[in-house]
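Asks: Numbering-wise (numbering that gives the first Met the number 0), the sequence shown opens with residue 0 and increments by one.
Got a structure here, written out as structure tokens. Questions coming.
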Amino acid sequence: MERWIFPKLKQVFTVNDSIAKIYSEEYKVPINVLRNIPLLANQQQLKVISKKELGIPEGKKIILLQGAGINIDRGAEEAVEAMQYVDNAVLLIVGSGDVMELLHKMVNELKLQDKVMFVGKVPFEKLLQYTNHADLGLTLDKDTNINYKYSLPNKLFDYIHAGVPVLASDLVEIKSIIETYRIGDCILNHDPKHIADKMSHIINDESMLLEWKKNCKIAAEKLNWENEEKQLLAVYSKFL
Numbered sequence: 000m001e002r003w004i005f006p007k008l009k010q011v012f013t014v015n016d017s018i019a020k021i022y023s024e025e026y027k028v029p030i031n032v033l034r035n036i037p038l039l040a041n042q043q044q045l046k047v048i049s050k051k052e053l054g055i056p057e058g059k060k061i062i063l064l065q066g067a068g069i070n071i072d073r074g075a076e077e078a079v080e081a082m083q084y085v086d087n088a089v090l091l092i093v094g095s096g097d098v099m100e101l102l103h104k105m106v107n108e109l110k111l112q113d114k115v116m117f118v119g120k121v122p123f124e125k126l127l128q129y130t131n132h133a134d135l136g137l138t139l140d141k142d143t144n145i146n147y148k149y150s151l152p153n154k155l156f157d158y159i160h161a162g163v164p165v166l167a168s169d170l171v172e173i174k175s176i177i178e179t180y181r182i183g184d185c186i187l188n189h190d191p192k193h194i195a196d197k198m199s200h201i202i203n204d205e206s207m208l209l210e211w212k213k214n215c216k217i218a219a220e221k222l223n224w225e226n227e228e229k230q231l232l233a234v235y236s237k238f239l
């Protein structure tokens, strides 16, 4: 069906440069890139409530993994296991997915109840509250399929808008954003000890964290829907 329809299309949108390149090479059709980036106004209008009101530990660094698809092969299991080796920090998992039952079991078996905290699915406005209190945001998808290989997850931009540095998998689209704006670091593999070393190094380097936080704010001024929507409007304007 795709092979029949795609060559006939005059205007096509996809979510990042890597996927656009694949489609363009396959079907010889120009592709518009339109990334799924939140409004900058979401942050500007947010009234942040305290950690105490959210039930988050006040005296520890907050490492955040958020998302509606916390699933197998997205690094959540390794992030939990890594917390065995990280001190003075809490891994906050906000969202849902098919690996959540396993994560709860791991926390109990590894006796990490003081180091891993679960928050279920919450409305977007409340999710932003948790994001804004994080010291480090995780996006740890594995290169196990083409969908993950070229992923550019929404949470990356949520972290950026909240001024939260990022620790991510070494995936092409995510790595490009991190390196371009200097807002974090990438892991070399999914060994839990390696992830823990990266986490500990980042959260204990206050000067680096401060620099990355500042860079996130600069990045957010460019990476927002107010800018991104211009590409959509430019295409639609041709048909007005």
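Virtual Cβ for every residue (Gly too), placed ideally from N, Cα, C.
Since we're looking at a predicted model, the values are computed, not measured.
Taking only the alpha-carbon atoms, compute the straight-line gap between I194 and I186 and give it to the nearest angstrom.
Replies: Your numbering for residue 194 matches position 195 in the sequence shown. Your numbering for residue 186 matches position 187 in the sequence shown. Going from the Cα of I194 to the Cα of I186 covers about 7 Å.
Asks: With a threshold of 8 Å, are at least 3 pairs of Cβ atoms found where one atom belongs to the segment 219-227 and the other to the segment 19-37?
Replies: The answer is yes - the segment 19-37 touches the segment 219-227, with three or more Cβ pairs under 8 Å.
Asks: Touching or not, the segment 121-139 and the segment 99-108, by the rule of three or more beta carbon pairs under 8 Å?
Replies: Flag = no, the segment 121-139 and the segment 99-108 do not touch.
Asks: On the three-state DSSP scale, how would you describe K50?
Replies: Counted from its first residue, the sequence shown places residue 50 at position 51. In the structure shown, K50 sits in a helix (DSSP, three-state: H, G or I).
Asks: Please work out which residues of its chain come closer than 7 Å, Cβ to Cβ, to N15, disregarding the five sequence neighbours upstream and downstream, and give them in chain order.
Replies: Your numbering for residue 15 matches position 16 in the sequence shown. For N15, where only same-chain residues beyond five positions count, the Cβ hits under 7 Å are V32, R34, Y149, L151, E172.
Asks: With which residues is A167 paired in a DSSP beta bridge?
Replies: Mapped onto the sequence shown, residue 167 falls at position 168. Bridge partners of A167: T138, C185.
Asks: Here's the rule I'm using: 16 or more other beta-carbon atoms within 10 Å means buried, otherwise exposed. How should N214 be labelled?
Replies: Position 215 of the sequence shown, counted from the start, is the residue given in the question as residue 214. Classification for N214: buried.
Asks: Would you say the segment 197-214 touches the segment 84-96, given that touching needs at least three Cβ pairs under 8 Å?
Replies: Yes, they touch.
Asks: By DSSP, does K212 sit in helix, in strand, or in coil?
Replies: Position 213 of the sequence shown, counted from the start, is the residue given in the question as residue 212. Helix, per DSSP.
Asks: With DSSP as the reference, label I176 as helix, strand or coil.
Replies: In the sequence shown, residue 176 corresponds to position 177, counting from 1. Note: I176 maps to helix in three-state DSSP.
Asks: Give me the Cα-Cα distance between A81 and E227, rounded to the nearest whole angstrom.
Replies: Position 82 of the sequence shown, counted from the first residue, corresponds to residue 81. Position 228 of the sequence shown, counted from the first residue, corresponds to residue 227. Spanning the two alpha carbons is a distance of roughly 36 Å.
Asks: When the Cα atoms are used, what is the spatial distance from L39 to L45?
Replies: Looking up residue 39 in the sequence shown gives position 40. Looking up residue 45 in the sequence shown gives position 46. One C-alpha to the other measures close to 10 Å.
Asks: Smallest Cα separation from D134: which of K9, K229, W3, S206?
Replies: Locating residue 134 in the sequence shown gives position 135, where the first residue counts as 1. Nearest C-alpha to D134: S206.
Asks: Thinking L53 and Y129 are a contact (beta carbons under 8 Å), I'd like their distance in whole angstroms, please.
Replies: Numbered from 1 along the sequence shown, position 54 holds the residue referred to as residue 53. Numbered from 1 along the sequence shown, position 130 holds the residue referred to as residue 129. Their Cβ separation, rounded to whole angstroms, is 6 Å, which keeps L53 and Y129 in contact under 8 Å.
Asks: Three-state secondary structure (DSSP) at T13?
Replies: Here residue 13 corresponds to residue number 14 of the sequence shown, with the count starting at 1. The answer is strand: DSSP assigns T13 an E or B state.
Asks: Which residue spans inside the segment 48-92 form an unbroken beta strand (DSSP E) run of at least 3?
Replies: Within the segment 48-92, the complete beta strand (DSSP E) runs of at least 3 residues are 60-66.
Asks: Considering F238, what are the terminal residues of the alpha helix (DSSP H) in which it resides?
Replies: For the purposes of this step, residue 238 is identified with residue 239 of the sequence shown, where counting begins at 1. First-last for F238: undefined, no H or E at that position.
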